[in-house]
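Chains as they are written, first to last, in our numbering: chain A, 4 to 268; chain B, 49 to 132. Backbone N, C-alpha and C define an ideal beta-carbon position, used for all residues, glycine too. These numbers were taken from a predicted model, which means no experiment stands behind them.
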Amino acid sequence: MGRAIVITSGKGGVGKTTTAANLGASLAQRGHSVVLVDADIGLRNLDVVMGLENRIVYHLVDIVRGRCTAQKALIRDRRIDNLYLLPSSQSDEKESVSPDEMRDLVRALKGAYDYVLIDCPAGIEQGFRNAVAGADEAIVVATPEVSSIRDADRVVGLLAAEDIPTRLICNRISAEMVKRGDMLSQDDVIEILSLELLGAVPLDDAIVSSTNKGMPATLAGARSAAARAYENIASRVTGEIDDVAVAQGIGFFARIGRALGLSPA
Amino acid sequence: MWNEIKGLFGARRASREEAKGRLHLVLAHDRAGLDGSRLQDLRGEIAAVIARYVEIDPESVELDVERVSRDDTHLRVSSPLRAR
Ligand SMILES: Nc1ncnc2c1ncn2[C@@H]1O[C@H](COP(=O)(O)OP(=O)(O)OP(=O)(O)O)[C@@H](O)[C@H]1O
Ligand SMILES: [Mg+2]
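Here it is, written out as structure tokens:
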């Protein structure tokens, strides 16, 4: 039986879909079978981030409504073995699927794949309840900002009420800004949310360009700082490693400054 | 000049600290489910109860919601007593 992990945040635009794509690709690279479920009904995104938008025929709502089998709707990623996408519907309402129906769907997928990663929509309403319904575990993504952390705290409370074990990914950390005292550090975020940290992902241009290309950074050849962070997170998810790497990608000038003794190490 | 530079650095450092302070306050109220008007109502009722036992100025009663940790949020009531 596989593990179903929902990736959620409360606030929109903090990196849930980016995390699903990169973590999924990284788990598949490690030899695990992975299905990415886009649970954002009406606003599908994971397909374009994965670069699989041209291959969609059926989607999640089709399966739930019995219009096709799960096998038919799943898209196999040809770049890597064992990676599949279950796209969401772009034309249905969030209410067209119930939490019970999602739970059944996720349970069926868990029977066939090692990891079921569920990309949750923003908010805490029906879309959220659907996405967490079948989840065994949750990853909360938060950026080091007041509004993101506030919403994350709300979601953490809802997940705790459902008894879903939850860990944290701190996204879009700029080591340089943290150093200047202009950004909350990953330790600040951990302390405020009292969550176990799964990993910290640096603010990285490679994410933007890989999203443009529809190629997750962890599948791209060159090792970007963000890709390394996601690979580290994947090893933590599988339990291969226990320790968390701190956000890499300290700015060039900070490194130079340190080498010259201009700023404290 | 030096003070200006120091001021610049001081203001810089404050942005992270400010975010932390604001978050603690916001989360304390979120977690307690006490928004502005409910907090005012609670304050008024507590002041009325205290006033039944001791002499106070109801306006001076203060309520603070403080989040010590995720599972530990405190409601602190402070009320100066009038000297007899
Ligand atoms: N570590 C990062 N560095 C740079 N850009 C990032 C990073 N993470 C995410 N982004 C960018 O931020 C934007 C939002 O990311 P994403 O779509 O993953 O968020 P989301 O939480 O899924 O949003 P929504 O709530 O709308 O579903 C994207 O343009 C993405 O490329
Ligand atoms: Mg998304």
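In angstroms, rounded to a whole number, what distance separates the CA positions of LEU108(A) and ASP122(A)? Here the question's residue 108(A) lines up with position 105 in the first sequence. Here the question's residue 122(A) lines up with position 119 in the first sequence. Straight-line Cα distance between these residues: approximately 14 Å.
If VAL125(B) sits next to ILE94(B), beta carbons under 8 Å apart, how far is it from one beta carbon to the other, in whole angstroms? If you number the second sequence from 1, residue 125(B) lands on position 77. If you number the second sequence from 1, residue 94(B) lands on position 46. Sure, about 6 Å apart at Cβ, within 8 Å.
Alpha carbon to alpha carbon, how far is GLU107(B) from ALA209(A)? Give it in angstroms, no decimals. As a position in the first sequence, residue 209(A) is number 206, starting the count at 1. As a position in the second sequence, residue 107(B) is number 59, starting the count at 1. Between ALA209(A) and GLU107(B), the C-alpha separation is close to 56 Å.
Within the 9 Å Cβ cut-off, does LEU71(B) reach chain A? Looking up residue 71(B) in the second sequence gives position 23. LEU71(B) counts as touching chain A.
I'd like the list of long-range same chain contacts for TYR61(A), defined as Cβ closer than 6 Å, with 5 residues on each side in sequence excluded. Here residue 61(A) refers to the residue found at position 58 when the first sequence is read from its first residue. Excluding positions up to five away in sequence, the list reads CYS71, LYS75, ALA76.
Runs of alpha helix (DSSP H) wholly within the stretch 162-232 of chain A (minimum 4 residues, chain order): 178-183, 189-196, 208-216
Spell out whether any CB of chain B is found under 9 Å from the CB atom of VAL149(A). Within the first sequence, the letter at position 146 stands for residue 149(A). So yes, VAL149(A) belongs to the interface.
Out of ALA136(A), ILE195(A), LYS97(A), point me to the one whose CA is closest to VAL149(A)'s CA. Residue mapping note: residue 149(A) aligns to position 146 of the first sequence, counting from 1. The candidate whose alpha carbon is nearest that of VAL149(A) is ILE195(A).
In three-state terms, what does DSSP make of ASP139(A)? Locating residue 139(A) in the first sequence gives position 136, where the first residue counts as 1. In the structure shown, ASP139(A) sits in coil (DSSP, three-state: anything other than H, G, I, E or B).
Beta-carbon neighbours of MET186(A), restricted to chain B and to distances below 9 Å: Within the first sequence, residue 186(A) is the residue found at index 183, counting from 1. Per Cβ cutoff of 9 Å: SER63, ARG64, ALA67.
Nearest-angstrom Cβ-Cβ length linking PRO147(A) and ALA178(A), presumed shorter than 8 Å: Numbered from 1 along the first sequence, position 144 holds the residue referred to as residue 147(A). Numbered from 1 along the first sequence, position 175 holds the residue referred to as residue 178(A). Not really, about 11 Å apart at Cβ, beyond 8 Å.
For chain B, check one thing: does any of its Cβ atoms lie closer than 9 Å to the Cβ of VAL160(A)? One-based indexing of the first sequence puts residue 160(A) at position 157. Checking the sequence shown, residue 160(A) turns out to be Gly, not Val. Yes, GLY160(A) lies at the interface with chain B (some Cβ there is under 9 Å from its Cβ).
Report yes or no: is there a C-beta of chain A within less than 9 Å of the C-beta of ASP119(B)? What you label residue 119(B) is simply residue 71 of the second sequence in a count that begins at 1. So yes, ASP119(B) belongs to the interface.
Within 9 Å (strictly less), CB to CB, does PRO267(A) reach chain B? Counting from 1 along the first sequence, the entry for residue 267(A) is found at position 264. Model confidence at PRO267(A) stands at a pLDDT of 39, short of 50, so the residue's coordinates are unreliable and nothing is read from them.
Three-state secondary structure (DSSP) at ILE94(B)? Stepping through the second sequence from its first residue, residue 94(B) is reached at position 46. Correct three-state label for ILE94(B): helix.
Does GLU107(B) come out as helix, strand or coil in the three-state DSSP assignment? Your numbering for residue 107(B) matches position 59 in the second sequence. Note: GLU107(B) maps to helix in three-state DSSP.
Tell me which residue opens and which closes the beta strand (DSSP E) that LEU86(A) is part of. On the first sequence, residue 86(A) is found 83 positions in, with the first residue counted as 1. From DSSP, the beta strand (DSSP E) with LEU86(A) extends over 86-89.
Spatial neighbours of ALA24(A) within its chain, please: CB distance less than 6 Å, with the 5 preceding and 5 following residues excluded, ordered by chain position. Indexing the first sequence from 1 puts residue 24(A) at position 21. Cβ within range, chain order: VAL52, MET53, PRO219.
Assigned exposure category for ALA268(A) - 16 Cβ within 10 Å defines buried: Here the question's residue 268(A) lines up with position 265 in the first sequence. Note on ALA268(A): pLDDT 35, under 50, position unreliable in the model; the coordinate value appears next. Classification of ALA268(A): exposed, given that the 10 Å Cβ count is below 16.
Select from VAL9(A), LEU86(A), ASN48(A) the residue whose C-alpha is nearest the C-alpha of ALA28(A). For the purposes of this step, residue 28(A) is identified with residue 25 of the first sequence, where counting begins at 1. Per the Cα distances, LEU86(A).
By a C-beta neighbour count over all protein chains shown, 10 Å radius and 16 as the cutoff for buried, is ARG81(A) buried or exposed? Here residue 81(A) refers to the residue found at position 78 of the first sequence. ARG81(A) comes out exposed.
Check the C-beta distance from VAL37(A) over to ASP117(A) and give it rounded, since I have them as a contact under 8 Å. Counting from one through the first sequence, the residue named residue 37(A) turns up at place 34. Counting from one through the first sequence, the residue named residue 117(A) turns up at place 114. Right, their Cβ atoms sit about 7 Å apart.
Identify the continuous alpha helix (DSSP H) that holds LEU63(A) and give its terminal residues. Here residue 63(A) refers to the residue found at position 60 of the first sequence. Per DSSP, LEU63(A) belongs to the alpha helix (DSSP H) from 63-67.
I need the straight-line Cα distance from THR20(A) to ARG115(B), nearest angstrom please. Position 17 of the first sequence, counted from the start, is the residue given in the question as residue 20(A). Position 67 of the second sequence, counted from the start, is the residue given in the question as residue 115(B). Each residue's Cα considered, the two are about 31 Å apart.
Relative to the alpha-carbon of SER1(B), which residue among ALA228(A), VAL181(A), ILE66(A), ASP154(A) has its alpha-carbon at the smallest distance? There is simply no residue 1(B) to check, as chain B begins at 49 and stops at 132 in what is shown.
I want to see whether chain B comes within less than 9 Å of VAL181(A), judged by CB atoms only; does it? Position 178 of the first sequence, counted from the start, is the residue given in the question as residue 181(A). Yes, because at least one Cβ of chain B sits closer than 9 Å to the Cβ of VAL181(A).
Counting only beta-carbon separations shorter than 9 Å, does ARG86(B) have a partner in chain A? Within the second sequence, numbered from 1, the residue matching residue 86(B) stands at position 38. Chain A, which has no Cβ nearer than 9 Å to the Cβ of ARG86(B), makes this no.
Residues of its chain near ASP102(A), where Cβ-Cβ distance is below 6 Å and the 5 sequence neighbours each way are ignored: Taking the first residue of the first sequence as 1, we reach residue 102(A) at position 99. According to the sequence displayed, residue 102(A) carries Pro and not Asp. Closer than 6 Å at the Cβ level, and outside the excluded window around PRO102(A), lie ARG132, ASN133, ALA136.
Can you find a C-beta in chain A that's less than 9 Å from the C-beta of VAL74(B)? Translated into positions along the second sequence, residue 74(B) becomes position 26. Yes, VAL74(B) counts as interfacial toward chain A.
Rounded separation between ARG79(A) and GLU234(A) - CA only: To locate residue 79(A), count along the first sequence from 1; it is residue 76. To locate residue 234(A), count along the first sequence from 1; it is residue 231. Taking the straight line joining both Cα atoms gives about 21 Å.
Alpha helix (DSSP H) containing ALA7(A): first to last residue? For the purposes of this step, residue 7(A) is taken as the residue at position 4 of the first sequence. That residue, ALA7(A), is in no alpha helix (DSSP H); its beta strand (DSSP E) goes 6-11.
Quick check on ILE236(A): buried or exposed, where buried means 16 or more other Cβ atoms within 10 Å of its Cβ? As a working note, residue 236(A) is residue 233 in the first sequence. Classification for ILE236(A): buried.
Pick from LEU222(A), ASP190(A), ARG106(A), ARG170(A) that is closest to ILE176(A), judged by C-alpha positions: Reading the first sequence from its first residue, position 173 is the one you call residue 176(A). It is ASP190(A) whose Cα lies nearest to the Cα of ILE176(A).
CB contact check: ARG100(B) to chain A, cutoff 9 Å: Translated into the one-based positions of the second sequence, residue 100(B) becomes position 52. Not closer than 9 Å to any Cβ of chain A, the Cβ of ARG100(B) fails to qualify, so no.
Should THR21(A) be listed as close to ligand 1, given that the test is whether its C-beta is under 8 Å from any heavy atom? Residue numbering aside, residue 21(A) sits at position 18 when the first sequence is read from its first letter. Yes, the Cβ of THR21(A) comes within 8 Å of a heavy atom of ligand 1.
Same chain, Cβ closer than 6 Å to PHE256(A), neighbours up to 5 away in sequence not counted: The count along the first sequence starts at 1 and reaches residue 256(A) at position 253. Bear in mind that a pLDDT of 37 at PHE256(A), under 50, signals an unreliable position, so the model cannot answer this.
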